[in-house]
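Going from the sequence shown to my numbering is simple: count from 1 and add 22. Every residue gets a Cβ at the ideal spot worked out from N, C-alpha and C, and that includes glycine. A short worksheet on the structure shown next.
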Amino acid sequence: MKFEVRGLRRGVVESLAIDAPNADDARRLALEQQLDVLTIKSSSEPWRRRQRFDLSLFSEELAELLDAGLSVVEAVDTLAQQQGHSDTAKVYREIERALRQGQPFSTALEKMPHHFPALYVGLLRAAERTSDLRGALMRYLEYSGRLDALRNKIVSALIYPTILLTVGGGVIVFLLTFVVPRFSSVYHGAGRELPFLSSLLLQWGALVSKNATVLALGAAFTLVLLAFWFVHARRSDGLERLVNLIPGVKYRVHLFRLSRLYLTIGTLLNGGMPFVQALGLSRGVVGGAHQAQLAATAEALRRGGSISASLEAHQLTTVVSSRLLRAGEGTGRMGDLFIRAGRYHDNELGRWVERFSKSFEPILMAVIGVVIGGIVILLYMPIFDLAGSFR
């Protein structure tokens, strides 16, 4: 494939056209030419959307073939032949080529960080020491399945309120920008005194009629600013800080981060990885202040502190998880106890999400109904008043 690589060489931005099997090899070739890479873009077949690499499917199929008695090279070659000439097959061929050159499996995966995260590579590298590659793959599948289940539960709970807000908000905007201005023109010059709230609503309609273009441009500009703010806030954890201002949500976000952290550490510990190294790889699953807390915890462990005490001192435990981890230190089953703590908090979060959605949805529906109904009633109150005067 052809890649267009832009980068810095001696302070000057340069562009290179590089032929490489994938983006990772293109980056490596650019670095060999003393180019500090800024961006990499595929310049071949721009109309074809790149196929997404499914890490869970790869792990599941590879585990099945290893369980059937195939070697790693044979299993990867089989998967590559099954994929034909797709983008996924190219990834498999790169892995197979590295394996046939005598490189360890984890090293072959490490060269493709876009497809294989550091946590996944670390788990398999630890498994290579015990020759339990299939076991590591199954542990990753269980770990990934639990994270996906909790994420899907939260997304499912947000789907209906999002649809309700979109439809309800659209109806409200339609009433305020299309229906109300037309009613305003009908009532204009009627010579009758209108109810106060109806008069305010019709004044808004008159304003929209006279300044439709300016208001439309202002609304578009505001939406663009909000989109830029949203992207920036998401990258800088500002969105999470904003969500934390909602009463009761801050603790749930903290619990969500902890459950992911516990599941990750537990999976890595059961794969044979030392705790400090597992803690370092787990930093990718938490964000914001939690990363600084993890770094401080790792430093406390290097000074000889216990696992449960170090985590508790840096606010990375709850009452339940603290008790479980102390028990794990006594029995030597830290990996299992971390996973058990993660599962406990997963279930706790799931129950809270279910209760929240059941109570929030009817409240949201009632609020939108009241707003729409209020606008309609205020529009028709002058008509009711006029009908009453004819009696």
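Taking the alpha helix (DSSP H) that residue i belongs to, which residues open and close that run?
i: V275; result: 271-292
i: L222; result: 218-232
i: I185; result: 155-196
i: R345; result: 341-353
i: T152; result: 140-152
i: G302; result: 297-303
i: S128; result: 127-132
i: S332; result: 329-335
Using DSSP's beta-bridge definition, name the partner residues of residue i.
i: S37; result: R28
By how many angstroms is the C-alpha of residue j removed from the C-alpha of residue i?
i: Y402; j: L187; result: 25 Å
i: I399; j: W226; result: 16 Å
i: W69; j: A45; result: The predicted model places W69 with a pLDDT of 42, which falls under 50 and marks its position as unreliable; any figure quoted below should be read in that light. Approximately 17 Å, taken between the alpha carbons.
i: G391; j: S381; result: 16 Å
i: S78; j: S166; result: 7 Å
i: I40; j: R122; result: 25 Å
i: L280; j: G191; result: 35 Å
i: R74; j: F138; result: 12 Å
i: L323; j: R28; result: 42 Å
i: R115; j: T244; result: 48 Å
i: F406; j: P217; result: 11 Å
i: R274; j: V265; result: 10 Å
i: A335; j: W374; result: 27 Å
i: E376; j: V389; result: 20 Å
i: S108; j: V94; result: 21 Å
i: F252; j: M387; result: 25 Å
i: V236; j: V230; result: 9 Å
i: A314; j: D89; result: 40 Å
i: E150; j: A140; result: 15 Å
i: E67; j: K24; result: Interpretation of E67 is limited by its pLDDT of 46, a score under 50 that renders its predicted location unreliable; no figure is taken from the coordinates.
i: S221; j: L248; result: 31 Å
i: E26; j: P183; result: 43 Å
i: R365; j: S178; result: 19 Å
i: K133; j: E118; result: 13 Å
i: I181; j: V271; result: 18 Å
i: R71; j: R348; result: Because the pLDDT of R71 is 48, which lies under 50, any placement of that residue in the model is unreliable, and the number read from its coordinates should be weighed accordingly. Approximately 50 Å, taken between the alpha carbons.
i: Q337; j: I194; result: 44 Å
i: F14; j: L219; result: This structure cannot settle anything about residue 14, because the visible part of the chain is limited to 23 through 413.
At the 9 Å Cβ level, is residue i part of the contact set with chain D, yes or no?
i: L347; result: Given the protein chain composition of this structure (a single chain), no chain D is represented.
For the ligand NAD, is there a heavy atom less than 8 Å away from the beta-carbon of residue i?
i: V59; result: With respect to small molecules bound, the structure shown includes none, and the ligand NAD cannot be examined in it.
Output the residue ranges of the alpha helix (DSSP H) runs that lie fully inside the region 47-109 and measure 4 residues or longer, sorted by chain position.
-> Given a length threshold of 4 residues, each whole run of the alpha helix (DSSP H) inside the region 47-109 is given here in chain order: 77-89, 94-105.
Could you tell me whether the region 94-104 touches the region 79-86, using the rule of 3 or more Cβ pairs below 8 Å?
-> By the Cβ rule, the region 94-104 counts as touching the region 79-86, because three or more pairs are nearer than 8 Å.
Would you say the region 141-155 touches the region 290-309, given that touching needs at least three Cβ pairs under 8 Å?
-> By the Cβ test, the region 141-155 is in contact with the region 290-309, since at least three Cβ pairs between them sit closer than 8 Å.
Pairing CB atoms from the region 345-355 with CB atoms from the region 149-167, are three or more of them under 8 Å?
-> Flag = no, the region 345-355 and the region 149-167 do not touch.
Answer yes if the region 193-206 comes into contact with the region 224-241, meaning at least three C-beta pairs across the two stretches below 8 Å, and no otherwise.
-> The answer is yes - the region 193-206 touches the region 224-241, with three or more Cβ pairs under 8 Å.
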